Structure formats: structure tokens, C-alpha cells
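Read through the structure below, which is laid out as C-alpha cells, and then see the notes.
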Amino acid sequence: MRNDIHPDYREVVFHDLSCDFKFVTRSTINTRDKITLDGKEYPLVKIEVSSESHPFFTGQHKIVDTAGRVEKFRQKFGKVGSKTAVSQG
């Protein structure tokens, strides 16, 4: 490998601002901020969403009722808005 062409791969702290969750991982991301965690200084990356705050991972995601949306559309527009035949079974 050639020297001086690869980015600096080091330990970095990612801080989820929405739930005050911090975790250490390795990354090449550049940052100006620093944080001291467990007596050691790390570069700091502030993020808005992580696995601790994302609705999919926390189990608080909403299930979209697509069948209800289709019925609402058909009630509002009837046969004018739909190009597919509605089965009356």
C-alpha cells in the first residue's frame, strides 16, 4: 500500500442528541469537536438519530393503514379518480 493516501481510521464518539446516547466506534469522519469519555479524549460527532432513538428500532413506529386510504380515496372520488375496476363481490 502507498503511504499517506488513506484517511485516519480512529475511535470516534457518536452522540445522539435526541436521547443523550453516546457510543464509541471506529470511523474516518473528520470533526472539530472533542469529548472526554472514560478518561480518554475522542473526536465527537453529533447525530440526530441512532438505533436508540429511531422509531423502527424502539418499536414505536406507526403502521400505515393502506386499505383505509384506498377506501377513503374511493369514497371521495368514486369512479372518476380510479382507472381500475372495483370488484363488487
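For what it's worth, the numbering used here labels the leading residue of the sequence shown as -11, then goes sequentially. All C-beta atoms, glycine included, are put in the ideal place defined by N, C-alpha and C. Quick caveat: nothing in here was measured; it's all calculated off a predicted structure.
Compare the beta carbon distance of residue i and residue j with 8 Å and say whether it is the shorter of the two.
i	j	result
residue 41	residue 15	no
Is residue i helix, strand or coil when you go by DSSP?
i	result
residue 59	helix
Can you give me the C-alpha to C-alpha distance between residue i and residue j, rounded to a whole angstrom?
i	j	result
residue 4	residue 20	17 Å
residue 35	residue -8	29 Å
residue -10	residue 2	30 Å
residue 60	residue -6	56 Å
residue 26	residue 11	12 Å
How far does the beta strand (DSSP E) with residue i in it extend, from its first residue to its last?
i	result
residue 4	-2 to 4
> Is there contact here, the stretch 23 to 32 with the stretch -10 to 9, by at least three beta-carbon pairs under 8 Å?
Replying inline: These segments touch.
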